[in-house]
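Working notes, beginning with the structure itself.
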Amino acid sequence: MELKSVCRMLLFPVQILYCIVRASLMLLLPSRRKDLTKEVVLITGGGRGIGRHLAKEFAKHGARKVILWGRTEKCLKETAEEITLSGTECHYFLCDVANREEVYKQAKVVREKVGDVTILVNNAAVVHGKSLMDSDDDALLKSQHINTMGQFWTTKAFLPRMLELQHGHVVCINSILSQSPIPGAIDYCTSKASSLAFMESLTLGLLDCPGVSCTTVLPFHTNTEMFQGMRVRFPQLFPPLKPEVVAQRTVDAVRTDKAFLYLPWTMHALVILKSFVPQVALEEIHKFSGTYTCMNTFKGRT
Numbered sequence: 001m002e003l004k005s006v007c008r009m010l011l012f013p014v015q016i017l018y019c020i021v022r023a024s025l026m027l028l029l030p031s032r033r034k035d036l037t038k039e040v041v042l043i044t045g046g047g048r049g050i051g052r053h054l055a056k057e058f059a060k061h062g063a064r065k066v067i068l069w070g071r072t073e074k075c076l077k078e079t080a081e082e083i084t085l086s087g088t089e090c091h092y093f094l095c096d097v098a099n100r101e102e103v104y105k106q107a108k109v110v111r112e113k114v115g116d117v118t119i120l121v122n123n124a125a126v127v128h129g130k131s132l133m134d135s136d137d138d139a140l141l142k143s144q145h146i147n148t149m150g151q152f153w154t155t156k157a158f159l160p161r162m163l164e165l166q167h168g169h170v171v172c173i174n175s176i177l178s179q180s181p182i183p184g185a186i187d188y189c190t191s192k193a194s195s196l197a198f199m200e201s202l203t204l205g206l207l208d209c210p211g212v213s214c215t216t217v218l219p220f221h222t223n224t225e226m227f228q229g230m231r232v233r234f235p236q237l238f239p240p241l242k243p244e245v246v247a248q249r250t251v252d253a254v255r256t257d258k259a260f261l262y263l264p265w266t267m268h269a270l271v272i273l274k275s276f277v278p279q280v281a282l283e284e285i286h287k288f289s290g291t292y293t294c295m296n297t298f299k300g301r302t
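With UniProt numbering applied, the sequence shown corresponds to residues 1 to 302, in that order.
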């Protein structure tokens, strides 16, 4: 073995330790936040829920332009009007991210009418809240197409220009269910797990691309109409997140170039526990917390 390779092997544990210590210190020190005044932000599923609050939060922090994509014109129009009244230029376009041709077509329209997108927020998602055997095949496909494949199409549409400009940010609003699935939402959990793998691979792939970053947000149950009726056994211990809080923390993560954001921070413990606790213990945790039955009262978006 070459001397150079041996030296690298010996230095590797030191480098890892340095990275851990540096990251720990960074948590204690105030982070430098980047300016958003020159950014053009596109948010999928931007008409309501977390998407709507994200639009308001980016506008609040001075984004130059905000673009909303979605499938319901009424919601998009209302949100766009609210953002415009706040003083930020806002545009909306009807676009189903599950439709590849539609995504590419609308991306071209956005570039021609509004300009280059520098921050892409993949937020659009659906959930049906049924077991595998009770799920309609078309509904299962719809979940995968919107929650997972839609990210492929939107990222392929806007990332190349970010790489040319050496300036951009790709954001994914994921879910803690991508790492800790629950019964009764098999379509959602599966699609979000695929989405997480997509973002992890993309984040690593962009390490050598100056000026372009990624942020993946993994929130716990958020109080939006999408998960209307979902119940946990101990809401005092595990209260649902407010969508405006998720939006605030997401924008802050973008401004500090944070790669992965768990909301609340206690979700880190859940992921760590899952890595070494035996399956039988995990099942008891699910029974204790009531996740086996939390979708029993699920209504979803009305």
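C-beta: ideal position from N, C-alpha, C; glycine also.
Span of the beta strand (DSSP E), counted from its first residue to its last, around residue i
i, result
"residue 303", "Because the chain in this structure spans residues 1 to 302, residue 303 falls outside the shown range and cannot be described."
"L36", "Here L36 belongs to no beta strand (DSSP E), and DSSP marks it neither H nor E."
"T297", "Looking at the DSSP string, T297 is not in any beta strand (DSSP E), and its letter there is neither H nor E."
"H61", "First-last for H61: undefined, no H or E at that position."
"T215", "212–219"
"H169", "168–173"
"F260", "260–263"
Residue i, enclosing alpha helix (DSSP H) - first and last residue
i, result
"F276", "267–276"
"G184", "Counting along the chain, G184 falls outside any alpha helix (DSSP H), and DSSP gives it neither H nor E."
"C75", "73–85"
"E244", "243–255"
Residue i versus residue j - alpha carbon distance
i, j, result
"H145", "E82", "30 Å"
"T88", "M9", "52 Å"
"T297", "Q15", "49 Å"
"W153", "F198", "12 Å"
"L202", "K192", "15 Å"
"L196", "K242", "22 Å"
"M295", "A185", "7 Å"
"R249", "E2", "47 Å"
"T190", "S178", "7 Å"
"D35", "R231", "39 Å"
"I67", "L11", "47 Å"
"L42", "A247", "14 Å"
"D138", "L132", "12 Å"
"A157", "N174", "20 Å"
"G150", "C90", "22 Å"
"Q228", "T222", "10 Å"
"residue 307", "I272", "In the structure as shown, the chain starts at 1 and stops at 302, and residue 307 therefore has no counterpart that could be examined."
"M267", "I176", "7 Å"
"V110", "D116", "8 Å"
"E112", "K105", "11 Å"
"V245", "L207", "29 Å"
"K287", "P13", "39 Å"
"W69", "E101", "15 Å"
"G205", "R161", "16 Å"
"S194", "L270", "19 Å"
"T79", "S86", "11 Å"
"S31", "C95", "36 Å"
"E200", "D134", "31 Å"
"K65", "A124", "19 Å"
"C7", "P240", "49 Å"
"S5", "N99", "48 Å"
Nearest neighbour of residue i, chosen from the options [CA to CA]
i, options, result
"H61", "T266, D252, P264, K287", "D252"
"K38", "V21, A63, R52, G51", "A63"
"E283", "P183, W69, G211, V66", "P183"
"M226", "V170, H128, L273", "H128"
"V114", "N147, N99, F93", "F93"
"T215", "L85, V170, P240", "V170"
"C209", "L159, S175, N223, F220", "L159"
"L140", "C90, E244, D187", "D187"
"residue 303", "V97, P13, R231, Q228", "Past the edges of the chain, shown from 1 to 302, lies residue 303, and the structure says nothing about it."
"V254", "C172, T224, A80, K108", "C172"
"F212", "L17, A80, L120", "Rather than Phe, the amino acid found at residue 212 in this sequence is Val. Nearest C-alpha to V212: L120."
"L218", "E78, N122, K105", "N122"
"P181", "F220, E78, L204", "F220"
"F238", "E244, P264, K299, L17", "P264"
"V126", "N147, D134, V40, D136", "N147"
"T224", "R52, V40, K4, R32", "R52"
"T256", "V21, R33, S5, C7", "R33"
"T155", "A107, D134, K130", "A107"
"G300", "K4, K130, V40, E200", "K130"
*May I have a chain-ordered list of the beta strand (DSSP E) segments no shorter than 3 residues that lie completely inside the region 95–155?*
List check, beta strand (DSSP E) in window: 119–122.
_Does the contact criterion of 3 or more C-beta pairs under 8 Å hold for the region 245–264 versus the region 156–165?_
No, because fewer than three Cβ pairs between the region 245–264 and the region 156–165 fall closer than 8 Å, the two stretches do not touch.
*Say whether the region 263–281 touches the region 51–58, bearing in mind that this needs 3 or more beta-carbon pairs closer than 8 Å, one atom from each stretch.*
Touching, no.
*Any chance the region 37–47 sits against the region 68–76, with 3 or more Cβ pairs inside 8 Å?*
Touching, per the Cβ criterion.
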